[in-house]
Amino acid sequence: MSRITFATMATRNNLTRAIMLFDSLRTFGGELGDSLCIILVPEKGEPLPDKAREQLSLLDVRLLPFDMDEGAVRFPLASVVYAAARAEQQVHDETEILVWTNEDTLIVSPPSDFLLEEGINFAYRPVHHTKISSVYGKPPDDFWSLIYQYCGIEEGKAFPMETCTRDNTIRAHFNAGLLVVRPEQLLLEKWLDHFRELYQHPDFRPFFKEDVLYMVFMHQTVLSGVVLSMFKRRELLELPETVNYPLHLHQEYPIEYQPQALNNLITCRYEGIEDLRNSLKTIPVEEPLKGWLNERLGPMEV
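Numbering that gives the first Met the number 0 puts the sequence shown at residues 0 to 301.
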């Protein structure tokens, strides 16, 4: 059984980012650089170009198809839930730890923090902003009360955490862009089961009509509910600021949490290739990462 597997989801439209993700792991992952890697692709999506398949093969990345319910397609990020659950199912018997990450991620230092210690079953980063989060110190609103009710969460189990940008103290709300799990716990399968039930539940329809953000982030709220229902707080690990760092929000971060150089991070997120180029004008980058980025993005002032 392998120690750790890295998985992401991609379509034909964002393959470049997924390839860069695995390329960065192979280059900067240290002892984890040769870990098993899987890319989930929609079963009914457009076929991947031959060139992309060749690049993924050179990086020794497995391709794995996944399917999703037609009714879930209207939820912008629902595919993440289906793909993550499929990845967990695939590696259940062959890896101890699964790192699920969005394709808009770069791994720029060895991610040894992902090697969970015994007794830790889930590692995470908080959400970036408050948005639809439940503010700690105030009663949960109707939406979150329903999430807690249908996920079977006891009162008071939703512990406080700060958003990444420190705009609020909120009740536990985990960023679905990077999750470290133990496949044996079947967290991602249970996430999918609850998501399937709740996105169709009539009690949530008024919220979806009221604000599209409830549809956009339904997957994250359900994830938070399932995690809180499955695990005790001592089984959870908040990863450091250097993980899942959003380059596109660099200017919003408190200065004491901003990295002195991109090389100081473990993983970072970005919103698009052009956004990545622009972000790199505001954060110093040192070799060898600078040269690696120049090769893949073209020469730039970084």
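Where a beta carbon is used, it is the ideal one built from N, C-alpha and C, also for glycine.
Values in this document were obtained by computation on a predicted structure and should not be read as measured data.
Task: Cβ neighbours of residue 295 in the same chain (closer than 8 Å, five flanking residues each side left out) - done: 19 and 22
Task: Within 8 Å, strictly: CB atoms of residue 96 and residue 3 - done: yes
Task: Helix, strand or coil at residue 111 [DSSP, three-state] - done: helix
- [ ] Assign residue 43 to one of two classes, buried (16 or more other C-beta atoms within 10 Å of its C-beta) or exposed (fewer than that).
- [x] exposed
- [ ] Could you say if the segment 282 to 290 and the segment 116 to 136 meet the contact criterion of at least three C-beta pairs nearer than 8 Å?
- [x] no
- [ ] Buried or exposed for residue 108, please, with buried defined as at least 16 other CB atoms from any protein chain shown within 10 angstroms of its CB.
- [x] buried
Open item on the list: Less than 8 Å between the beta carbons of residue 222 and residue 100, yes or no?
Closed with: no
Open item on the list: Along the chain, where does the beta strand (DSSP E) containing residue 152 start, and where does it finish?
Closed with: Per DSSP, residue 152 belongs to no beta strand (DSSP E) and is neither H nor E.
Task: Delimiting residues of the alpha helix (DSSP H) encompassing residue 81 - done: 77 to 90
- [ ] Would you mind reading off the limits of the beta strand (DSSP E) that contains residue 1?
- [x] 1 to 8
TODO: Identify which residue in 145, 246, 189 and 273 has its Cα closest to the Cα of residue 85.
DONE: 189
Open item on the list: Contact between the segment 65 to 83 and the segment 212 to 232 is defined here as three or more beta-carbon pairs at a separation below 8 Å; is this criterion met?
Closed with: yes
TODO: Just list the beta strand (DSSP E) runs in the segment 209 to 296, keeping only unbroken ones of 3 residues or longer that don't cross its boundaries, in chain order.
DONE: 235 to 237 and 266 to 268
Task: Beta-carbon proximity of residue 228 to residue 152, cut-off 8 Å - done: yes
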